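A.B. asks: Per our numbering, residue 58 is the first one in the sequence shown, and the count goes up by one each step. Where a beta carbon is used, it is the ideal one built from N, C-alpha and C, also for glycine. Just so we're clear, the structure is a prediction, and the values are computed from it rather than from any experiment.
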Amino acid sequence: FDDCPPVKISSADISLAFKEDIAKDIKNLNQLVDPTQDETVTKWSQSHFGSYSTTELQTKMAKRTFTWTEDDQFTQEIQYIFPKEWYYFFRVENTSNQ
């Protein structure tokens, strides 16, 4: 990273926001696919930094059927942690004249 200018970032410059909250402002967010969805959220964040910040990510336990494809195709029900969808944003200040 020798070719990058020095930057300043603090905890106030990091924002976590749930996708469902951002969708209140971007009406068709859930219909967009990547990379369009990420580009749309990035553009939105430039004028809404911190609007829907959360300090706690949410998860729940879920169940699904898992197939061991690399073995004998055996299936079993497994429990796993399922996160509530979220985005993260960084506000970075260039501290040089570059």
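Alpha carbon to alpha carbon, what distance is there between Val-98 and Gln-136?
C.D. replies: 31 Å
A.B. asks: State the DSSP-derived secondary structure class of Asn-151, mapped to helix, strand or coil.
C.D. replies: strand
A.B. asks: Starting from Thr-122, trace the beta strand (DSSP E) both ways and give me its first and last residue.
C.D. replies: 116-124
A.B. asks: Go ahead and label Ile-79 buried or exposed: buried means 16 or more other beta carbons lie within 10 angstroms of its beta carbon, across all protein chains shown.
C.D. replies: buried
A.B. asks: Mapping the DSSP letters down to three states, classify Ile-79 as helix, strand or coil.
C.D. replies: Helix at Ile-79.
A.B. asks: State the DSSP-derived secondary structure class of Ser-102, mapped to helix, strand or coil.
C.D. replies: helix
A.B. asks: Beta strand (DSSP E) containing Thr-132: first to last residue?
C.D. replies: 132-140
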